[in-house]
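Structure, as structure tokens:
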Amino acid sequence: MTIDLRSDTVTRPTPAMLAAMTTAEMGDDVYDDDPTVHALEARVAGLLGHEAGLFTVSGSLANLLGVRSWVRPGQELLCEAQAHIVRAEMGAHAVLSGVTTRTWTDPLGLVDVDAIAGLVAVDTGPFIVPTAAVAVENTHNFGGGTIQPLDRLAALRDLVAPLGVRLHLDGARLWNAHVETGVPLDRYGALFDTVSVCLSKGLGAPVGSVLVGPSPVIAEARVWRKRLGAGWRQAGVLAAAGLYALDHHVERLTEDHENARLVASTIADAAPGVVDPATVATNVILLTVGARAAEVVARAEDGGVLCGVVAPGVVRLITHLDVSRADAKTAAGVLADVLAVARQGPG
Ligand SMILES: *Cc1c(COP(=O)(O)O)cnc(C)c1O
0 MTIDLRSDTV TRPTPAMLAA MTTAEMGDDV YDDDPTVHAL EARVAGLLGH EAGLFTVSGS
60 LANLLGVRSW VRPGQELLCE AQAHIVRAEM GAHAVLSGVT TRTWTDPLGL VDVDAIAGLV
120 AVDTGPFIVP TAAVAVENTH NFGGGTIQPL DRLAALRDLV APLGVRLHLD GARLWNAHVE
180 TGVPLDRYGA LFDTVSVCLS KGLGAPVGSV LVGPSPVIAE ARVWRKRLGA GWRQAGVLAA
240 AGLYALDHHV ERLTEDHENA RLVASTIADA APGVVDPATV ATNVILLTVG ARAAEVVARA
300 EDGGVLCGVV APGVVRLITH LDVSRADAKT AAGVLADVLA VARQGPG
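Using numbering that gives the first Met the number 0, the letters of the sequence shown correspond one by one to residues 0 to 346.
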């Protein structure tokens with residue numbers, strides 16, 4: 000059997016989740032009368048300490064709607080250079096919202112308050128692009144599932160809020176940061192003007208994200224969601240999966256983190272230098288394998304383990320709901336063999 004570590008998006012709904020979906024109360028969400036969607040939106044907004052929520056088909060759409068709430072065409076968004084928003088959303092913020100970006104760089108994807116202070120531009124007159132918002136990713140995917148330190152987030156808020164610059168949190172995996180640190184979700188939520196979270200990653204729902212923010216902002220985002228063709232009808236069938244995930248799949252994310260550390264330490268023992276287990280903060284493992292990245296992925300697949308190349312020379316593994324402890328051990332053994340052998344090979 001294949002063990003799929005390409006992403007935590009690959010999870011299949013469990014039988015209990017499917018049962019919750021088939022018994023969901025439904026309405027027509029474009030008419031705004033689907034009670035299960037309402038329940039999900041209110042639940043997530045409440046968890047994050049925000050007024051209102053909007054259920055969206057993807058995290059990319061939730062980010063698109065959140066960012067465009069604060070950044071007018073021709074204004075700029077600051078974010079980290081490896082952020083999902085600038086690397087993995089196909090230029091949507093530029094193409095659809097006229098947003099320009101400038102980036103700071105951090106090897107782990109973390110907030111660098113000094114660097115942001117050096118980038119942020121307000122009251123610049125009619126010749127410098129004004130900064131309207133800063134986006135932060137927590138946990139940071141291409142940074143290796145890293146967790147943003149709370150004191151840096153607070154310092155960032157102190158820096159930009161007096162300038163009228165808004166903060167958007169790409170919290171696709173905020174759940175992972177929350178369970179790992181014990182920081183309450185609403186403590187994170189309070190630092191940001193809008194937050195997006197994914198239900199379809201480690202939480203195991205088949206589809207869906209939620210954007211939260213102030214009620215008027217979410218009302219406008221609802222209009223834009225429809226304008227972009229992403230209004231949906233009996234979406235309660237999907238919202239029910241999200242509600243089920245919130246009840247049953249949040250606390251267990253710590254198991255994914257333990258499995259990730261197990262995989263990382265097994266690989267580190269077999270092939271020192273490929274990964275430092277101390278950098279594995281949540282469920283993402285980045286392996287630095289140089290020119291052999293494609294070969295490592297192919298040989299892992301021969302051994303029944305799927306993973307992917309996410310940057311030149313970098314292979315990513317992600318643990319999730321459908322990877323048991325035994326699967327993690329098996330996958331770790333396969334990767335350890337592949338990497339130990341690869342190290343002995345020529346060149
Ligand atoms: C997965 C992810 C998203 C959203 O992805 P979709 O595939 O559009 O749901 C956004 N941000 C980060 C950091 C992600 O990892």
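Glycine is no exception: its CB is placed at the ideal position from the N, C-alpha and C atoms.
As the structure is a computational prediction, the values presented were derived from the model and not from experiment.
In this structure, how does DSSP classify residue i when only helix, strand and coil are distinguished?
i      : result
ARG298 : helix
GLY346 : At GLY346, the pLDDT of 45 sits below 50, so the modelled position is not reliable and the matter cannot be decided from this model.
ALA131 : strand
GLU403 : The question about residue 403 has no answer here: the residues shown for the chain are numbered 0 through 346.
ALA310 : strand
PRO271 : coil
SER323 : coil
VAL304 : strand
LEU63  : helix
VAL29  : helix
LYS200 : coil
GLY58  : helix
VAL70  : coil
PRO34  : helix
ALA290 : helix
LEU47  : helix
ALA331 : helix
PRO125 : coil
LEU227 : coil
PRO205 : coil
GLU24  : coil
ALA339 : helix
GLU179 : helix
Return the first residue and the last residue of the beta strand (DSSP E) that residue i is part of.
i      : result
ARG186 : Taken as a continuous stretch (DSSP letters only), ARG186 belongs to no beta strand (DSSP E), being part of the alpha helix (DSSP H) at 184-189.
ALA51  : 51-55
SER208 : 208-212
VAL196 : 193-197
In the DSSP assignment, what residue or residues form a beta bridge with residue i?
i      : result
HIS139 : THR145
ILE317 : VAL283
I need the boundaries of the alpha helix (DSSP H) containing residue i, first residue and last residue.
i     : result
ARG5  : Premise fails: ARG5 is in no alpha helix (DSSP H) and is neither H nor E.
MET20 : 14-21
(Q) Just to confirm the assignment: which complete beta strand (DSSP E) runs, minimum length 3, are found wholly within the region 151-177? (A) Secondary structure in the region 151-177: the beta strand (DSSP E) runs of 3 residues or longer, each lying completely within the stretch, are 165-170 in chain order.
Q) What are the uninterrupted segments assigned as beta strand (DSSP E) that are 3 or more residues long and contained completely in the region 75-123, given in chain order? A) Qualifying beta strand (DSSP E) stretches, in chain order: 75-79, 99-103.
Q. Which parts of the region 231-267 are runs of the beta strand (DSSP E), unbroken and 3 residues or longer, counting only runs that do not cross its ends?
A. Residue ranges of uninterrupted beta strand (DSSP E) with 3 or more members are absent from the region 231-267; none lies entirely inside it.
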